[in-house]
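As they're listed, the protein sequences go chains A and C.
Residue numbering for the first sequence follows this note's numbering, starting at 2 and increasing by one per position.
Residue numbering for the second sequence follows this note's numbering, starting at 92 and increasing by one per position.
We put the CB at the ideal spot given by N, CA and C, even for glycine.
Here the structure is laid out as structure tokens; the discussion comes afterwards.
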Amino acid sequence: MNGLFGIPTRREFLALGAGAAAALAASPSNATPEAMEKAIREYTGGISPMPGRVKIDIPVLLESGSAVPTTVTCESPMTAADHVKEIAIFNERNPLPNVAIFHFSSKSGRAFAATRIRLGDSQKVVAIARMSDGSLYTDAIEVVVTLPACSEDFG
Amino acid sequence: MARALINIPAKAAKGQIIEIKTLVSHPMETGFRPDNQGKLIPRDIINRFECEIDGERIFAADLYPAMSANPFLTFTLLAERSGEVTFRWKDDRGEITEEKRKLVVE
């Protein structure tokens, strides 16, 4: 096992059985679904966000995880009184559960941000929007990565 | 100083929502990657991006190692009045890259 984060390289991984793969999923050096839950709890302050309004867009099948085009949007009038304050992105299986937090204002015009992220494995990516009135909305997407980020030297 | 590319229209109509694209050259070293000797390469990422018009905040982002190298960000701005748009990137070493662009709103 000489891959990063204790994850074996792709070749080693393919040589392993499904049982070993399941053990790897619980590798402590990786953010796990629990680590993501914890990061989300810290962000939301324990309030469970409602589904809807916010939307995260990522191609569901990715050849490479090192620069994954990711877009977040949220429906809002974006006025001084009623706008989206933040949209945060979290992931399940990278070494850290946090990806980015985007801060908007009424000057933004739209709650929209597009970027490129790294994904270390096939996993769920979650977006949470925080409105100016404090309410929270969420959306999630499952993506499949055939060549994860970090498995190549260019990371 | 990291090199930055910014795509912002020079002119906009009042009330128009314009799209701004930014790209800055930076390795975004995660801190989880070993070098040839197997030692971890220390983390060095851009952790904060800010965009302002005449000192008023339009958009900001807190970034983590899961951002790709040469971070690319697209966001929007509601064109209300002419002004100077400032773009600022800050990395783990405290190095700040700042760029300014004029925006004319008519």
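Determine, using beta carbons only, whether leucine 97(A) comes closer than 8 Å to chain C.
yes
Are there 16 or more other CB atoms within 10 angstroms of the CB of alanine 24(A), so buried, or fewer, so exposed?
For alanine 24(A), the predicted model reports a pLDDT of 41, less than 50, meaning its position is unreliable; a value from the coordinates is still stated below. Classification of alanine 24(A): exposed, given that the 10 Å Cβ count is below 16.
In three-state terms, what does DSSP make of tyrosine 138(A)?
strand
Using a cut-off of 7 Å between C-beta atoms, extract the partners of arginine 117(A) located in chain C.
Ser159, Phe163
Using a Cβ-Cβ cut-off of less than 9 Å, list which residues of the stretch 100-134 of chain A approach chain C; keep chain order.
Val100, Ala101, Ile102, Phe103, His104, Phe105, Ser106, Ser107, Lys108, Ser109, Gly110, Arg111, Ala112, Phe113, Ala114, Ala115, Thr116, Arg117, Ile118, Arg119, Leu120, Gly121
Specify, as a first and last residue, the run of the alpha helix (DSSP H) that alanine 40(A) falls within.
34-45
Boundaries of the beta strand (DSSP E) in which phenylalanine 123(C) is found, first to last residue:
Taken as a continuous stretch (DSSP letters only), phenylalanine 123(C) belongs to no beta strand (DSSP E), as it is neither H nor E.
What does a CB cutoff of less than 7 Å around tyrosine 44(A) pick up in its chain, not counting 5 residues either side in sequence?
Ala89, Ile129
Could you tell me the distance, in whole angstroms, from the CA atom of glycine 53(A) to the CA atom of glycine 46(A)?
19 Å
If we ignore side chains and look at the alpha-carbon of each, how far apart do isoleucine 187(C) and leucine 148(A) end up?
33 Å
If you draw a straight line from the C-alpha of glutamate 38(A) to the C-alpha of alanine 141(A), how long is it?
13 Å
Count the other CB atoms, across all protein chains shown, that sit within 10 Å of the CB of threonine 80(A); report buried if there are 16 or more and exposed otherwise.
exposed
How big is the Cα-Cα spacing for proline 96(A) and proline 156(C)?
9 Å
Residues of chain C with CB under 7 Å from serine 67(A), in chain order?
Ser159
Could you pull the start and end residues of the beta strand (DSSP E) that threonine 80(A) belongs to?
Looking at the DSSP string, threonine 80(A) is not in any beta strand (DSSP E), and its letter there is neither H nor E.
Cβ of aspartate 182(C) within 8 Å of any chain A Cβ:
no
Can you give the Cα-Cα distance for aspartate 153(C) and arginine 134(C), rounded to whole angstroms?
16 Å
Where does the unbroken beta strand (DSSP E) through alanine 130(A) begin, and where does it stop?
124-132
In terms of alpha-carbon separation, which member of Ala160(C), Asp183(C), Met158(C), Lys112(C) lies closest to proline 100(C)?
Lys112(C)
With distances taken from CA atoms, which of Gly66(A), Gly121(A), Ile57(A), His84(A) is nearest serine 109(A)?
His84(A)
Could you please give me the residues that DSSP links to arginine 148(C) through a beta bridge?
Glu143(C)
Count the other CB atoms, across all protein chains shown, that sit within 10 Å of the CB of serine 77(A); report buried if there are 16 or more and exposed otherwise.
buried
Compare the C-beta of leucine 96(C) with all C-beta atoms of chain A and state if any pair is closer than 8 Å.
no
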